[in-house]
Amino acid sequence: LFIGILATSIIQSSSSTTSIVVGLVAGGALTIDTAIPIIMGANIGTSITNTIASLPQIKRNNEFKRAFSAATVHDFFNFLSVIILFPLQLATNFLGIIATKMEELFSGIGGLQFLSPVKAITKPVVKMIEVYFIDIPWLMFVLALLLLFVALKYMVSSLKVIVVSRAKDWFDQYLFKTAVRALFVGIILTIMVQSSSITTSLVVPMAGAGLLTLEQIFPYTLGANIGTTITAILAALLTGSPAAVIVAFAHLVFNISGIILWWPFKKLPILLARNFAEYSTRNKIIPVAYILVLFFLIPLLVIFIFN
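The numbering used here applies: residue 25 is where the sequence shown begins, and numbers increase by one.
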């Protein structure tokens, strides 16, 4: 579980973590029982990006409170889901059982490999960094973090200008008009860009500007959780490895189970996110400490202790 949190926090992509895990399972390096908790951890780790995306607004209290609550509602949903489903998985292996049945239904149909437009755009920069800094991994990591912060800062400022000037009514009246519609927008957009981190980060500046409410954003983030599993399933089907397909389906079942569990009680994660944002607005060190402790320090300590 904590390996999944740490790995995804470092590489900023649950899709990448899932793909690596699927590949390791297909190659026999990981068992299904070991892989499923890592996938659960990846779900928590992926929410670090949109939390970071809220930080550029930290000096403007009202904007930051709205943006930070929009970012952390994803965190609280994932925390609550893991708190309930992780012990249940350890006791019953229900994710593995359901995913195995699904694999039997879909075995032999083949899969697809999508080219992410985001990966296509960023590939030249990634390749250039790999070429020039391949022998200095720590510098490569620092540069990658710097590029991430710069990209998030400009994404936030650009989206605020675009949404406020052109798309306010369109977003509010069409894409996020109902909870179910917002859910499917999250699914479709995440499948298109192949990154739930990008999908959820997109709405953070909109929330900060007061254009979207927390109640509108919550189902959208749940859709992003579903969408991020689809490409992994299609890629796993291509491998022809039943174990890899089972792990990919287990990720989907976990996210669907979380939605079934918390959709009727959606007020709880929304309330937790709103109260935490209120507290964080009064003490600005809390958001930074939250990111460092939850996504890095605690996973490192747990991994070290139980190694």
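We treat Cβ as the ideally placed atom computed from N, Cα and C, and that holds for glycine. Note that the structure is a prediction, hence the values are computed from the model and not measured.
Classification of residue i by the beta-carbon crowding that lies within 10 angstroms, buried from 16 upward
{"i": "E368", "result": "The question about residue 368 has no answer, for the chain in this structure spans 25 to 331."}
{"i": "Y156", "result": "exposed"}
{"i": "Q218", "result": "buried"}
{"i": "I76", "result": "buried"}
{"i": "Q81", "result": "buried"}
{"i": "F330", "result": "exposed"}
{"i": "F319", "result": "buried"}
Coarse secondary structure for residue i, derived from DSSP in three states
{"i": "F200", "result": "coil"}
{"i": "F320", "result": "helix"}
{"i": "G234", "result": "coil"}
{"i": "S220", "result": "helix"}
{"i": "G52", "result": "coil"}
{"i": "R84", "result": "coil"}
{"i": "V209", "result": "helix"}
{"i": "K291", "result": "helix"}
{"i": "I160", "result": "coil"}
{"i": "V227", "result": "coil"}
{"i": "T255", "result": "helix"}
{"i": "P30", "result": "It is worth fixing the name first, because residue 30 is Leu in this sequence and not Pro. Correct three-state label for L30: helix."}
{"i": "N331", "result": "coil"}
CA nearest to the CA of residue i, picked from the options
{"i": "G251", "options": "G232, T263, F208", "result": "F208"}
{"i": "I72", "options": "V97, A267, F328", "result": "V97"}
{"i": "T42", "options": "V150, A313, D99, F273", "result": "F273"}
{"i": "V271", "options": "E127, F330, L199, N67", "result": "E127"}
{"i": "A168", "options": "A115, V269, Q36, I294", "result": "Q36"}
{"i": "A95", "options": "V228, G247, A248", "result": "V228"}
{"i": "I107", "options": "L54, P293, T305", "result": "P293"}
CB contact check: residue i to chain C, cutoff 9 Å
{"i": "G51", "result": "Of the chains in the structure shown, none is chain C; there is only one protein chain."}
Segment contact, 8 Å Cβ cut-off, at least three pairs: the region 61-69 with the region 197-211: no
Within 8 Å, do at least three Cβ pairs link the region 280-298 to the region 46-56? no
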